[in-house]
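Working notes, structure below.
2 protein chains.
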Amino acid sequence: MGRTSNARQRLLDAACELMLTRSFGAVGVADICARADVRKGSFYYFFESKQALTLAAIDAHWQRQREGWLAILQTAHPALDRLRRLIEETAATQRVAQEALGMVSGCALANLALELSTQDHVVQARLQEIFAEQIALVEGTLQNAAAAGTLAAASATHAVARAIVAQMEGMVLFAKLGNDPDVLDDLWRQTLRLLQVAEAVSA
Amino acid sequence: MGRTSNARQRLLDAACELMLTRSFGAVGVADICARADVRKGSFYYFFESKQALTLAAIDAHWQRQREGWLAILQTAHPALDRLRRLIEETAATQRVAQEALGMVSGCALANLALELSTQDHVVQARLQEIFAEQIALVEGTLQNAAAAGTLAAASATHAVARAIVAQMEGMVLFAKLGNDPDVLDDLWRQTLRLLQVAEAVSA
Chain L
692 MGRTSNARQR
702 LLDAACELML
712 TRSFGAVGVA
722 DICARADVRK
732 GSFYYFFESK
742 QALTLAAIDA
752 HWQRQREGWL
762 AILQTAHPAL
772 DRLRRLIEET
782 AATQRVAQEA
792 LGMVSGCALA
802 NLALELSTQD
812 HVVQARLQEI
822 FAEQIALVEG
832 TLQNAAAAGT
842 LAAASATHAV
852 ARAIVAQMEG
862 MVLFAKLGND
872 PDVLDDLWRQ
882 TLRLLQVAEA
892 VSA
Chain Y
692 MGRTSNARQR
702 LLDAACELML
712 TRSFGAVGVA
722 DICARADVRK
732 GSFYYFFESK
742 QALTLAAIDA
752 HWQRQREGWL
762 AILQTAHPAL
772 DRLRRLIEET
782 AATQRVAQEA
792 LGMVSGCALA
802 NLALELSTQD
812 HVVQARLQEI
822 FAEQIALVEG
832 TLQNAAAAGT
842 LAAASATHAV
852 ARAIVAQMEG
862 MVLFAKLGND
872 PDVLDDLWRQ
882 TLRLLQVAEA
892 VSA
């Protein structure tokens, strides 16, 4: 594919990075092109608008993240172990971002959800679908645990799965605000509280 | 005071509204002045920079919100009842915002925390202080409950208080993303899980 597909990928990578580090609403096509080292004239060959790139970058980000989630959740390990690994992976991801970008950059999807939901209803709708998918993946894992008898049925609900993802996003906000990924080390303990599972049982 | 103080207040109000509805990083002094109906030349009479207005608007927002929190938390009601009212107030606030602005606008402080933490370390530091104060207010209430024997000491910790505020912010994110304040009706039930308190006990 060579240079052409390379330019498209660089535009996607630049958009993903700018979602993590800047007010994305304040970022223009020229900024994205400069960061990607792509001429502005070429931008519209690949994307018809900044919104089209935003949607493609969101999808690329979630596709990567989703592969990571599935690699953890679709294994033969006990369900609560899989969930613990998913939570630990959240902390690890923020640590890697801090090393790569010099700061905890948070969750690109949550950043955009809070920044753009009131302004861009196409982006908002896509982010809604992705968060619904995240919650469904957690809910499926909780149901696996309930089926295996390691979780009460009352804890294997959509509402509890949503609370777990909300807790992750709220704690990632604190990690970003304090530029401190260590606060995420507490996430599993709080998740066990949401699940009404004693810590010793799950260890 | 008349027109002068009125213009300052209108600038603060406009900034607060734009924090809820727009990418605040993309909002310029001219936008704020237009929304406030204040001439741009007058802006710098009141604030030396957009950052100075941002900090003043954050403080004004939190001062108002803090008064609401204290009016609930500094009463003679049982501690867990006070906490429940605080949580219910979060849902009510988002409903009022939806009616006033036509959309769930989320929490101005969380919106700014995710959008600006990586870009403006003065704003980041001020938001850190405010969230620390929120967590301390919740922690104090948990300690009241523990002292009254309605909460286990292991649940009356800084970590649990932080988890409760994180849960609020994560669920407000979902309310904003879905333009649906009803998801917040589940917040108290999830808070009870974090506190390891049975629902019937607290009712």
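Protein chains in written order, with the working numbering: chain L, 692 to 894; chain Y, 692 to 894.
Each residue gets a CB set at the ideal place from its N, CA and C atoms; glycine is no exception.
- For L:PHE737, the enclosing alpha helix (DSSP H) stretches over residues 731-737.
- By the Cβ-count criterion, Y:VAL851 is buried, with 16 or more other Cβ atoms from all chains shown falling within 10 Å of its own Cβ.
- In chain order, THR712, MET794 and SER796 make up the part of chain Y whose C-beta sits under 7 Å from the C-beta of L:THR809.
- By the C-beta density criterion, L:ARG755 is exposed, having fewer than 16 other C-beta atoms within 10 angstroms.
- Under the three-state reduction of DSSP output, Y:MET859 falls in the helix class.
- For Y:ALA762, no Cβ of chain L is located within less than 9 Å of the residue's own Cβ.
- Between Y:MET859 and Y:LEU878 a beta carbon distance of about 6 Å is seen, short of the 8 Å cut, so the two are scored as contacting.
- By the rule that beta-carbons nearer than 9 Å mark a contact, Y:ALA706 does not touch chain L.
- Around the beta carbon of L:ASN697, fewer than 16 other beta carbons sit within 10 angstroms, so the residue counts as exposed.
- Neighbours of Y:GLN858 across chain L, judged by C-beta separation under 7 Å: ALA854, ALA857, GLN858 and GLY861.
- The continuous alpha helix (DSSP H) containing Y:ASN835 extends over residues 812-838.
- In chain order, ALA698 place their CB closer than 7 Å to the CB of Y:SER733, counting only its own chain and leaving out the 5 sequence neighbours on each side.
- As for any alpha helix (DSSP H) of minimum length 4 sitting wholly inside the stretch 714-776 of chain Y, the runs are 720-727, 731-737 and 741-764, ordered along the chain.
- Residues are counted here when their Cβ sits less than 9 Å from a Cβ of chain Y; for the stretch 868-883 of chain L these are LEU868, GLY869, ASN870, VAL874, ASP877, LEU878, ARG880 and GLN881, given in chain order.
- Counting only the Cα atoms, Y:ALA747 lies some 23 Å from Y:ALA791.
- The contact set of Y:ALA801 on chain L, defined by CB atoms closer than 7 Å, consists of LEU805 and LEU864 in chain order.
- Beyond the five residues adjoining it in sequence on each side, Y:ASN835 comes within less than 6 Å, by CB distance, of ALA770 in the same chain, given in chain order.
- Rounded to the nearest whole angstrom, the CA to CA distance from Y:HIS768 to Y:LEU828 is 15 Å.
- For the 9 Å CB-CB criterion, L:ALA727 and L:LEU702 form a contact.
- DSSP places L:ASN802 inside the alpha helix (DSSP H), whose first and last residues are 799-807.
- If you look at L:LEU875, you'll find it isn't in any alpha helix (DSSP H); DSSP assigns it neither H nor E.
- Counting every other CB atom within 10 Å of its CB across the protein chains shown gives Y:THR832 a total of 16 or more, marking it as buried.
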